[in-house]
Amino acid sequence: MEKIVLPDIKDFHKLEVYLQHGGYTAAKKAFTQSTDDIIDQVKRSGLRGRGGAAFSTGLKWSFMPKTTDKPKYLCVNGDESEPGSFKDRQIFEFNPHQLIEGTIISCYAIGAKVAYIYIRGEYHKWIKLMQKALDDAYAAGYVGDKMKETFGTDFYCDIYIHKGAGAYICGEESALMNSIEGKRGYPRVKPPFPAQNGLWGCPTTINNVETITNVPPIINKGWEWFASIGEPKHPGTILFGVSGHVNKPGVYELPSGTLLTDIIYNYAGGIPGNKKILCVIPGGSSMPPLRGDQIEGVKMDAESLRAAGSAIGTGGIMVMDEDTDLVKVLARIAHFYHHESCGQCTPCREGTGWLEKILKRLVAGKGSVSDLDLLITVANQIEGNTICALGEAAAWPVKFMVERFRDYFEQRVSKEISLPVANKVHSMRHTVIPVEEIKH
Amino acid sequence: MSFKFTPENLERINAEIKKYPKKQSAVMAALYIAQEQNGYITTEIMNEIAQLLDMHPHDVLGVVTFYTMYHQKPMGKYHIQVCTNVSCMLRGGYEIWNQVKNKLGIDHMQVTSDGKFSLEEVECMGSCGTAPMFAINEDYFENLSKEKVNEIIDTLKNKN
Ligand SMILES: Cc1cc2nc3c(=O)[nH]c(=O)nc-3n(C[C@H](O)[C@H](O)[C@H](O)COP(=O)(O)O)c2cc1C
Ligand code: SF4
Ligand code: FES
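Those protein sequences? They're chains A and B, same order as listed. Numbering-wise, the first sequence is residues 1 to 440 according to my numbering. Numbering-wise, the second sequence is residues 1001 to 1160 according to my numbering.
Structure, rendered in structure tokens:
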């Protein structure tokens, strides 16, 4: 299988090696075509965002206004803070020039003169590697005003790296823009959408690092070629990051639609001690968890995962074996979203706190089965009632984990309390306590 | 007590300002540079940055408190950040966390009395495939084991 995003070529991160393998020829080709043509090719290629929502990249680009007095911007999202996701970091390290080339082509297509690559602050090492590649690209005339000479066009653009400082929410596109503007990373109410009113009120497109890295090969090899790889509705390869209880954790670039079980058992080497799988979160911690007996035959693409009751997210596959304490896992996930909630919306700020508090109670063995219903009630009150999708990200794992592992949770909760109580509690299974009535 | 950036650092901040149409965008970079120069962020630093970037000091404070990587008190020379999020947890992240805690005798966001070490429990660092992990200052240490942790911390303890 040919790799598009992370090719197995030694020293590919170096400019001279990248050039030996056709580096920056896609940009040259792109600049001879109209911007409409480029957008059309990306649309037809079927490329969809790799940052979580799997939205059509070409379609997103077409939302950018053609006629405007305002400058336009591209933000390349490398905040990569979703638990279970560690793929963009591989691009910074092993294929930075393809990301840079993708960025200049994307800037050309949407008419942006400036792109910001937003990289999470903890990635000091990868920021340095990316900056080195960018400096080399500038020096060789592939970025900046020297592009005009290099490519023989009127178009040029600048690329800057913006370093985050530890806030998961800054991966949300409107929070990311506020962060670049030097403000707190608060998500903005939408509409207006970034294509109308983005960075400094100007038209802006935000794409994930992996999405942008796919662009040069699409231009070079043609949209038909890309569209023919993997699942037709969600074509191309995807960087799957496999973590947790597998023998060979790591990032695997595979065609979309690869079987989840193939990824876990073949590529990632199966489960240590040949244990059974209790639970898999297939797309990073925000996505609905699947039971071990739900993963057979599930293909890894947006539509197949939706049909299976989850979502592709960032392609971060977290595997948990039969001995995992799911209550502890869920409590840890709830802690994360509570910690990362920016606090603007009451349902998210308060709800994530409640989810964490209730789950910690369960971990401590002080919970009851009615708490399980309570968790679902709280999660339902967050979902759909917030400014940004962190609300859903916090609600989904809780709601689906508790629903799908109801028996497991009931047993786990009951085990901590004495048997007669456990018997009584069992009958309370469908009791729902409204959030207002919860006592501290 | 006023704070002044060194001339080199002022130059770095000016280079950051040039990346953006508005000065305020350089606030995150300026705070990093200040933290590098002073070790942590003080009111004087925030006032100085506010002046440099035409901001209200409260807005600088708002940024400082929003992001976890800016510190308003001195941290240790070696700031150890242990990830305990799910992928790490599944591979022994909490064992590492407890081991470091016990070894140093400090808890989350505390500093050893000699000022050498500080400790922070952090969220996913993007090392889930090489878990468990911690970062010390800017460097990642991955695929940790009990022995490796002992070795790393002992080495640092014996270093100045
Ligand atoms: C809470 C939250 C965190 C997010 N974090 C990231 C991230 O770290 N990287 C990313 O590319 N997208 C992230 N997203 C999705 C972005 O908002 C946006 O949809 C994406 O960057 C668009 O790029 P794409 O169309 O290429 O996928 C996040 C969304 C939410 C709600
Ligand atoms: S949903 Fe949560 S994270 Fe998103 S804006 Fe509201 S409070 Fe902030
Ligand atoms: S969970 Fe620890 S690095 Fe991702």
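A virtual CB, placed ideally from N, CA and C, is assigned to each residue, including glycine.
Out of the options, which has the shortest C-alpha to C-alpha gap to residue i?
| i | options | result |
| --- | --- | --- |
| A:V442 | A:V413, A:Y118 and A:P216 | In the structure as shown, chain A begins at 1 and stops at 440. Residue 442 of chain A is therefore absent and cannot be evaluated. |
| A:I206 | A:R404, A:N380, A:Y73 and A:N385 | A:Y73 |
| A:K70 | A:V209, A:G198 and A:V5 | A:G198 |
| B:L1090 | A:N214, A:S243 and A:G51 | A:S243 |
| B:G1126 | B:Y1140, B:L1119, B:F1117 and B:D1114 | B:Y1140 |
| A:I127 | A:P288, A:A53, A:A389 and A:N77 | A:N77 |
| A:K28 | A:T67, A:R291, A:F409 and A:A109 | A:A109 |
| A:M64 | A:Y156, A:C107, A:R332 and A:Q33 | A:C107 |
| B:V1064 | B:S1087, B:A1030 and B:K1116 | B:A1030 |
| A:F86 | B:V1149, B:C1128, B:Q1110 and B:I1153 | B:C1128 |
| A:G111 | A:D321, A:A195, A:I4 and A:E383 | A:A195 |
| A:V298 | A:A268, A:K275 and A:I263 | A:I263 |
| B:E1011 | B:K1073, B:Y1067, B:I1033 and B:S1145 | B:I1033 |
| B:E1142 | B:D1114, B:G1115, B:T1084 and B:H1108 | B:T1084 |
| A:Q90 | A:V5, A:M287, A:T204 and A:T346 | A:V5 |
Roughly how many angstroms lie between the CA atoms of residue i and residue j, to the nearest whole one?
| i | j | result |
| --- | --- | --- |
| B:N1014 | B:Y1020 | 11 angstroms |
| B:L1061 | B:T1042 | 10 angstroms |
| B:V1082 | A:Q20 | 41 angstroms |
| A:K221 | A:G270 | 35 angstroms |
| A:E210 | A:L99 | 8 angstroms |
| A:A308 | A:C75 | 32 angstroms |
| A:Q187 | A:I169 | The sequence shown places Pro at residue 187 of chain A, rather than the Gln named in the question. Cα-Cα distance, rounded: 8 angstroms. |
| A:R349 | A:F336 | 12 angstroms |
| A:K132 | A:I161 | 11 angstroms |
| A:V329 | B:A1050 | 42 angstroms |
| B:E943 | B:T1130 | Outside the displayed range of chain B (1001 to 1160) lies residue 943 of chain B, so it cannot be described from this structure. |
| B:T1159 | B:F1117 | A small fix is needed here, since residue 1159 of chain B is Lys in this sequence, not Thr. Cα-Cα distance, rounded: 12 angstroms. |
| A:Y116 | A:P249 | 31 angstroms |
| A:E2 | A:Y252 | 12 angstroms |
| A:S418 | A:L326 | Because A:S418 carries a pLDDT of 39, less than 50, the predicted location of this residue cannot be relied on, and no value is offered for it. |
| B:M1046 | A:M130 | 29 angstroms |
| A:E410 | A:E403 | 11 angstroms |
| A:T150 | A:P217 | 20 angstroms |
| B:K1004 | B:M1028 | 17 angstroms |
| A:I277 | A:P289 | 12 angstroms |
| A:T68 | A:G201 | 12 angstroms |
| A:F31 | B:D1114 | 59 angstroms |
| A:K360 | A:S370 | 15 angstroms |
| A:D323 | A:L375 | 23 angstroms |
Using a C-beta to C-beta distance shorter than 9 angstroms, which residues of chain B count as neighbours of residue i?
| i | result |
| --- | --- |
| A:E122 | M1069, Q1081, V1122, M1125, G1126, A1135, E1138 and Y1140 |
| A:G341 | In the sequence as displayed, the identity of residue 341 of chain A is Ser instead of Gly. Under the 9 angstroms cutoff, chain B gives no residues; its nearest Cβ is about 12 angstroms from A:S341. |
| A:P249 | S1087, R1091, C1128, G1129, T1130 and A1131 |
| A:A167 | F1066, Y1067, T1068 and M1069 |
| A:H245 | L1090 and R1091 |
Along the chain, where does the beta strand (DSSP E) that runs through residue i open and close?
| i | result |
| --- | --- |
| A:D373 | Where A:D373 is concerned, there is no enclosing beta strand (DSSP E), although the alpha helix (DSSP H) it sits in stretches over S370 to I382. |
| B:D1154 | Note, B:D1154: premise wrong, no beta strand (DSSP E); alpha helix (DSSP H) at K1146 to N1158. |
| B:P1007 | From DSSP, B:P1007 is part of no beta strand (DSSP E) but of the alpha helix (DSSP H) over P1007 to I1017. |
| B:H1079 | Y1078 to C1083 |
| A:V319 | G316 to D321 |
| A:N220 | No beta strand (DSSP E) contains A:N220, which is instead part of the alpha helix (DSSP H) from V215 to K221. |
Taking residue i as the query, report the chain A residues whose CB atoms sit under 8 angstroms from its CB, ordered along the chain.
| i | result |
| --- | --- |
| B:K1022 | E181, G182 and W200 |
| B:N1085 | P83, S285, R332 and F336 |
What in chain A is Cβ-close to residue i, meaning under 7 angstroms?
| i | result |
| --- | --- |
| B:L1052 | Ordered by position in chain A, no residue passes the 7 angstroms Cβ test against B:L1052, which lies about 12 angstroms from the chain. |
| B:Y1040 | Those do not exist, as B:Y1040 stays about 14 angstroms from chain A at its closest Cβ, beyond 7 angstroms. |
| B:S1025 | I180, E181 and G182 |
| B:G1105 | The premise fails here: B:G1105 is roughly 24 angstroms from chain A at the closest Cβ pair, so nothing lies under 7 angstroms. |
With a threshold of 7 angstroms between beta carbons, is residue i in contact with chain E?
| i | result |
| --- | --- |
| B:G1129 | The question asks about chain E, but that chain is absent: this structure's protein chains are A and B. |
Provide the residue span of the alpha helix (DSSP H) that contains residue i, from first to last.
| i | result |
| --- | --- |
| A:S62 | T57 to S62 |
| A:H162 | It is not in any alpha helix (DSSP H) - A:H162 instead sits in the beta strand (DSSP E) that spans D158 to K163. |
| A:T35 | T35 to S45 |
| A:Y18 | L15 to Q20 |
| B:Y1032 | V1027 to N1038 |
| B:N1102 | G1093 to L1104 |
| A:T25 | T25 to A30 |
Please list, in chain order, the chain A residues whose beta carbon lies closer than 9 angstroms to that of residue i.
| i | result |
| --- | --- |
| B:A1029 | H162 and K163 |
For residue i, return the contacting residues in chain B, with the cut-off set at a CB-CB distance below 8 angstroms.
| i | result |
| --- | --- |
| A:E80 | G1126 |
| A:V329 | V1086, M1089 and L1090 |
contact_flag[the stretch 118 to 130 of chain A, the stretch 223 to 238 of chain A] where n(CB pairs < 8 angstroms) is 3 or more: no
query: With a cut-off of 8 angstroms, do at least 3 Cβ pairs link the stretch 327 to 344 of chain A to the stretch 164 to 181 of chain A?
result: yes
message: For the pair the stretch 274 to 282 of chain A and the stretch 308 to 321 of chain A, tell me if three or more CB-CB distances fall below 8 angstroms.
response: yes
query: Can you find at least 3 beta carbon pairs, one from the stretch 1098 to 1111 of chain B and one from the stretch 248 to 264 of chain A, that sit closer than 8 angstroms?
result: no
query: Taking one C-beta from the stretch 92 to 106 of chain A and one from the stretch 7 to 21 of chain A each time, how about it: are there three or more such pairs within less than 8 angstroms?
result: yes
message: Assess contact between the stretch 1065 to 1081 of chain B and the stretch 1131 to 1140 of chain B, defined as three or more Cβ pairs (one per stretch) separated by less than 8 angstroms. Is contact present?
response: yes
message: Does the contact criterion of 3 or more C-beta pairs under 8 angstroms hold for the stretch 29 to 49 of chain A versus the stretch 222 to 233 of chain A?
response: yes
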